[in-house]
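Each remark here refers to the structure printed beneath this line.
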Amino acid sequence: MHSDAVLSGPSDSDCAPALGLPAHANTDTDTPSDTNALTPTVTRFTFVPDFATPPARIASSGPLIPSALPTKIPTLNNYTRQVAWSLDHTTSYLASMHNDRSVRLWPSATFLSSTHATASTELTNANANANANNTCTPARYSMAESITDMAWSPSPVDPPMLAISCPSQPIHLIAPPFPDDSSGPVPTPTPTRLATYAAPTHLDLLIGPTSLSFHPHYPQRLVAGYPHAKLHAFDLTQPSGSPSTSPSPTGTSNNNNNNKLKGILSSLVHLPAYSSLAVSSYSSLMYLVDASSLTPTHTIRHLPPATCLSTDPLSSTYLVSSHRNGLIACHDVRDVRGPVWTWMRAAKSNMRTSVQVLDNGWVAIAGCGPGASQVHAVDLATGAMQRVVMQSHRQDEVVAACSVVGGGQWWATGQGSRRYQVESMDEGQLRDRDNSVNVWQVAGQWLESKT
Numbered sequence: 001m002h003s004d005a006v007l008s009g010p011s012d013s014d015c016a017p018a019l020g021l022p023a024h025a026n027t028d029t030d031t032p033s034d035t036n037a038l039t040p041t042v043t044r045f046t047f048v049p050d051f052a053t054p055p056a057r058i059a060s061s062g063p064l065i066p067s068a069l070p071t072k073i074p075t076l077n078n079y080t081r082q083v084a085w086s087l088d089h090t091t092s093y094l095a096s097m098h099n100d101r102s103v104r105l106w107p108s109a110t111f112l113s114s115t116h117a118t119a120s121t122e123l124t125n126a127n128a129n130a131n132a133n134n135t136c137t138p139a140r141y142s143m144a145e146s147i148t149d150m151a152w153s154p155s156p157v158d159p160p161m162l163a164i165s166c167p168s169q170p171i172h173l174i175a176p177p178f179p180d181d182s183s184g185p186v187p188t189p190t191p192t193r194l195a196t197y198a199a200p201t202h203l204d205l206l207i208g209p210t211s212l213s214f215h216p217h218y219p220q221r222l223v224a225g226y227p228h229a230k231l232h233a234f235d236l237t238q239p240s241g242s243p244s245t246s247p248s249p250t251g252t253s254n255n256n257n258n259n260k261l262k263g264i265l266s267s268l269v270h271l272p273a274y275s276s277l278a279v280s281s282y283s284s285l286m287y288l289v290d291a292s293s294l295t296p297t298h299t300i301r302h303l304p305p306a307t308c309l310s311t312d313p314l315s316s317t318y319l320v321s322s323h324r325n326g327l328i329a330c331h332d333v334r335d336v337r338g339p340v341w342t343w344m345r346a347a348k349s350n351m352r353t354s355v356q357v358l359d360n361g362w363v364a365i366a367g368c369g370p371g372a373s374q375v376h377a378v379d380l381a382t383g384a385m386q387r388v389v390m391q392s393h394r395q396d397e398v399v400a401a402c403s404v405v406g407g408g409q410w411w412a413t414g415q416g417s418r419r420y421q422v423e424s425m426d427e428g429q430l431r432d433r434d435n436s437v438n439v440w441q442v443a444g445q446w447l448e449s450k451t
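Here the sequence shown is numbered in UniProt numbering, starting from 1 and rising by one per residue.
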């Protein structure tokens, strides 16, 4: 019987509201005193980070013991491949994808609290005698194959929905189990599978997608990119019957001669302000696609294969891409003839590294620094590297996964890399391989602005 790690955090029941925002940090509309005024005043709170102050690690998992699968994966090779925060407004979760073909869902209400600015935790295993008040056990969902991508639904439902893709499997739509309360552990260790979705080829072959993306304004529309250069959109409101029943896709990509999709579609991101979808491919091409018809409209050329895309969440004007050779490129979607700026990582990694554009004008980039063991914050306007936000204590551990929430206050990182060891390793050496998930709190303050 296998055991699993737990994500530990301080046991303070006074958790901050909605993803670390202060109690007053909501976007409100103030009614003007002048009744003749037609335009209301919108109050917005922006988090200004203080990268000069070292971030506080408020939660961390120990070495994650792999699932009991037919092909046993050593603990030292169970590195983190991707992390992502849920986007709902009621109950937040942190999803982490690992090399053991599993996704772990951590209820983040256990460790997100505005009072934990200087808290620190130690690595804790599930079989350790830990206090149940300051630990939370993840809900784990395993697949038969390596997981290629995952995406949270932006719909404010409780619990949130997570889409998972595999090479030869339908898309699995799962939901975390309900906790007893906002601060307690998850009572059920297995998430609930809500439905599956597939788009068979003309030969009735089941090919799983390599990238997923929900529309931020239409959460019932899921777009999937496939390795044979195809896009399919699924309408989640259609009845799917039993979980094994798959509805037909509502649209497919129309590949014309001028802008034809090519290669494995590695990453997708919606640009809602322009009704477009950005698509990256391993064939050294990127595309802008009409979000309704899934027809390619523009092609971005002369770049290395891209592995991750992110866009400005407020205006969708800037598109930032992460490439396999370590290049970071920022594009203005209004003029795709060339990048606005480029930035090269100091180290290269064969792992898929993440990049995320924040709503406060920063770009979070994983896999930087010596040995790709750092996470950097880059200015979106200029591309100048400002600060090293966090760093692994081992320079040979690749920090390939990074996800930010709460306006830039909460940072989640996943690290580890594949090890090829001939000699046997004892338990102490296994623990020294820090394949872990960490949650950090960045110092800063909230500033109010009215428009």
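Here a beta-carbon is modelled for each residue, glycine too, at the ideal position from N, C-alpha and C.
{"Query": "Is it the case that the Cβ atoms of L105 and P191 are separated by a distance below 8 Å?", "Result": "yes"}
{"Query": "For D50 versus A443, is the C-beta spacing smaller than 8 Å?", "Result": "yes"}
{"Query": "For I171, which residues does DSSP report across the bridge?", "Result": "Y197"}
{"Query": "When the Cα atoms are used, what is the spatial distance from V404 to S310?", "Result": "12 Å"}
{"Query": "Note down, in chain order, each residue of its chain lying with its Cβ closer than 7 Å to the Cβ of S284, except the 5 sequence neighbours on either side.", "Result": "L303, P304, P305"}
{"Query": "For the beta strand (DSSP E) that V405 lies in, which residues bound it at each end?", "Result": "399–405"}
{"Query": "Can you list, in chain order, the residues of its chain whose CB lies under 8 Å from that of R387, leaving out five sequence neighbours each side?", "Result": "F51, A52, H376, A377"}
{"Query": "If you follow the beta strand (DSSP E) that T43 is part of, which residue opens it and which one closes it?", "Result": "41–49"}
{"Query": "Do P154 and residue 452 have their beta-carbon atoms positioned less than 8 Å apart in this structure?", "Result": "Here the chain has residues from 1 to 451 only, and residue 452 is not among them."}
{"Query": "Would Y79 pass as an interface residue toward chain C - the criterion being a Cβ-Cβ separation below 8 Å?", "Result": "In the displayed structure, chain C is absent; only one protein chain is listed."}
{"Query": "Enumerate in chain order the residues of its own chain whose CB-to-CB distance from T148 is below 8 Å, with the five nearest sequence positions on each side excluded.", "Result": "S165, C166, P167, G208, P209, T210, S211"}
{"Query": "By alpha-carbon positions, which one of H323, V398, A291 ends up nearest to R301?", "Result": "H323"}
{"Query": "Once DSSP output is grouped into helix, strand and coil, what is the label at G367?", "Result": "strand"}
{"Query": "In whole angstroms, what is the alpha-carbon distance linking G416 and W410?", "Result": "20 Å"}
{"Query": "On the DSSP bridge assignment, give the partners of E448 in chain order.", "Result": "F45"}
{"Query": "For V289, I'd like the list of residues in its chain whose CB is within less than 6 Å of its CB, leaving aside the five on either flank, ordered along the chain.", "Result": "L277, V279, P296"}
{"Query": "Quick one: using the 10 Å Cβ neighbour count with 16 as the cut-off for buried, is T137 buried or exposed?", "Result": "buried"}
{"Query": "Please classify P32 as buried or exposed, where buried requires at least 16 neighbouring CB atoms within 10 angstroms.", "Result": "Reliability of the predicted coordinates at P32 is poor, the pLDDT of 45 falling under 50, and the value obtained from them is presented with this limitation in mind. P32 should be labelled exposed."}
{"Query": "Return the residue from the list W343, L162, V333, A199 that minimises the CA-CA distance to F214.", "Result": "L162"}
{"Query": "Just to check my reading of the structure: A412 and W85 have Cβ atoms closer than 8 Å, yes? What is that Cβ distance to the nearest angstrom?", "Result": "7 Å"}
{"Query": "Can you name the residues that DSSP bridges to M385?", "Result": "V378"}
{"Query": "Measure the beta-carbon distance from L173 to L194 and round it to whole angstroms, keeping in mind my assumption that it falls under 8 Å.", "Result": "5 Å"}
{"Query": "Between residue 452 and L231, is the Cβ-Cβ spacing less than 8 Å?", "Result": "Past the edges of the chain, shown from 1 to 451, lies residue 452, and the structure says nothing about it."}
{"Query": "What three-state label does DSSP hand S267 in the structure shown?", "Result": "strand"}
{"Query": "Name the residue from Q238, L294, M286, Y226 whose alpha carbon lies nearest to the alpha carbon of A329.", "Result": "M286"}
{"Query": "Does the distance from the C-beta atom of Y141 to that of P170 stay below 8 Å?", "Result": "no"}
{"Query": "With a Cβ-Cβ cutoff of 8 Å, do C308 and R337 count as a contact?", "Result": "no"}
{"Query": "Cβ atoms of S316 and Y274: under 8 Å apart, would you say?", "Result": "yes"}
{"Query": "Thinking R101 and M143 are a contact (beta carbons under 8 Å), I'd like their distance in whole angstroms, please.", "Result": "5 Å"}
{"Query": "How is P272 classed by DSSP in three states: helix, strand or coil?", "Result": "helix"}
{"Query": "With distance defined between alpha-carbon atoms, name the residue in H331, G326, P313 nearest to L319.", "Result": "H331"}
{"Query": "Relative to the alpha-carbon of N99, which residue among L261, W446, V437, Q445 has its alpha-carbon at the smallest distance?", "Result": "V437"}
{"Query": "From Q445 to S60, what does the alpha carbon distance come to, in whole angstroms?", "Result": "24 Å"}
{"Query": "In terms of alpha-carbon separation, which member of N77, D335, S281, D359 lies closest to L380?", "Result": "D359"}
{"Query": "Per DSSP, residue 474 forms a beta bridge with which residues?", "Result": "Not covered by the structure: residue 474. The range shown for the chain is 1 to 451."}
{"Query": "Please name the residue in V103, T299, N325 whose C-alpha comes closest to that of R334.", "Result": "T299"}
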